[in-house]
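Notes for the one structure printed next.
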Amino acid sequence: MAAKMTSSIDTEKKLRHIAIIMDGNGRWAKRNGVERLEGHKAGEKSVRRVMDLAKEFDVEFLTLYAFSTENWNRSEEEVSGLMALLATSMKQNLDEMHQNGVRIRLSGRINGLPLLTRKILKHAEKKTSKNRKGNLILALNYGGRAEIADAAQAIAHDVKRGKLAPEDIDEQLFSTYLYLPDVPDPDLLIRTSGECRLSNFLNWQIAYSEFWFTETLWPDFGREDFQKAVDIFYNRERRFGGRKC
Ligand code: FPP
Numbered sequence: 004m005a006a007k008m009t010s011s012i013d014t015e016k017k018l019r020h021i022a023i024i025m026d027g028n029g030r031w032a033k034r035n036g037v038e039r040l041e042g043h044k045a046g047e048k049s050v051r052r053v054m055d056l057a058k059e060f061d062v063e064f065l066t067l068y069a070f071s072t073e074n075w076n077r078s079e080e081e082v083s084g085l086m087a088l089l090a091t092s093m094k095q096n097l098d099e100m101h102q103n104g105v106r107i108r109l110s111g112r113i114n115g116l117p118l119l120t121r122k123i124l125k126h127a128e129k130k131t132s133k134n135r136k137g138n139l140i141l142a143l144n145y146g147g148r149a150e151i152a153d154a155a156q157a158i159a160h161d162v163k164r165g166k167l168a169p170e171d172i173d174e175q176l177f178s179t180y181l182y183l184p185d186v187p188d189p190d191l192l193i194r195t196s197g198e199c200r201l202s203n204f205l206n207w208q209i210a211y212s213e214f215w216f217t218e219t220l221w222p223d224f225g226r227e228d229f230q231k232a233v234d235i236f237y238n239r240e241r242r243f244g245g246r247k248c
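Per the numbering used here: the sequence shown ends with 248, consecutive numbering throughout.
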């Protein structure tokens, strides 16, 4: 279906990639007098809603910050609940996503995830690897600094093995060592729940992204917010440092 955009569209820019920091599940749970895990479950419903919206608005890449390297500091109950939720959600929705041609990709230190969750997610990644009708990228056990450090380490190994010379290292080469080098940088970064921080998300990739923050808690995020974010994106002028205001 064609994207619904506002009238003053700059036809040269295309919203190909949206990255989202899905924040506010805990506060939503508190407000609704339920356990934190219920907030995450409501957040999972939001994920499915937003995937449908991404398809409708013809957004090719949707990256979701689902579990950060810092999230291990939460209670054992919350961490295992989240890991179980990720696994169940993937099991329940994989067939439909596959039929819709969605490619699922993982970004982060995936080997650090619990075995069962890892197996289910890696299976989904493999099964959908040839799909081309949209990309759902799950950032899991993800940290932007960790990603940069991992890239630096891999480059250092290649220099040591003689595969690369130090002079070969520039921005372009560096970016080929990131977790998903073929994925374009996000055009738009959204964070819900009124927090205005990056929280170690895609530090390298968001250099020129537009940011949009909303007070809406992630489980309440829906069409209205999504539309607003899209409108704001198309009404902002991106200059990539080329011109001053
Ligand atoms: C942040 O809210 C949210 C998370 C750390 C987890 C995100 C997980 C989901 C939305 C569930 C399932 C995801 C997928 C991809 C199926 P918070 O707990 O920090 O909220 P708070 O700041 O209000 O406490």
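Beta carbons: idealized from backbone N, C-alpha and C, even for Gly. Keep in mind the model is a prediction, meaning the values are calculated, not measured.
Closer than 7 Å: residue i CB and nearest the ligand FPP heavy atom
i      : result
Ala106 : Residue identity check: residue 106 is Arg in the sequence provided, not Ala. Answer for Arg106: no, Cβ out of range of the ligand FPP.
Met25  : yes
Arg30  : yes
Glu213 : no
Trp221 : yes
Gly46  : yes
Val37  : no
Leu119 : no
Where residue i sits in the DSSP three-state scheme
i      : result
Trp215 : strand
Tyr182 : coil
Ile49  : Correcting the residue identity first, residue 49 is Ser in this sequence and not Ile. Note: Ser49 maps to helix in three-state DSSP.
Arg194 : strand
Thr72  : coil
Ile172 : coil
Lys16  : coil
Phe177 : helix
For residue i, the first and last residue of its enclosing alpha helix (DSSP H)
i      : result
Ser92  : 79-102
Glu227 : 226-238
Ala33  : Before going on, a small fix: residue 33 reads as Lys here, not Ala. Here the alpha helix (DSSP H) through Lys33 covers 28-34.
Residue range of the unbroken beta strand (DSSP E) whose run includes residue i
i      : result
Asn138 : 138-145
Ala22  : 20-24
Leu109 : 106-110
Residue i, buried or exposed, once every other Cβ within 10 Å from all chains shown has been counted against 16
i     : result
Val37 : exposed
Trp31 : buried
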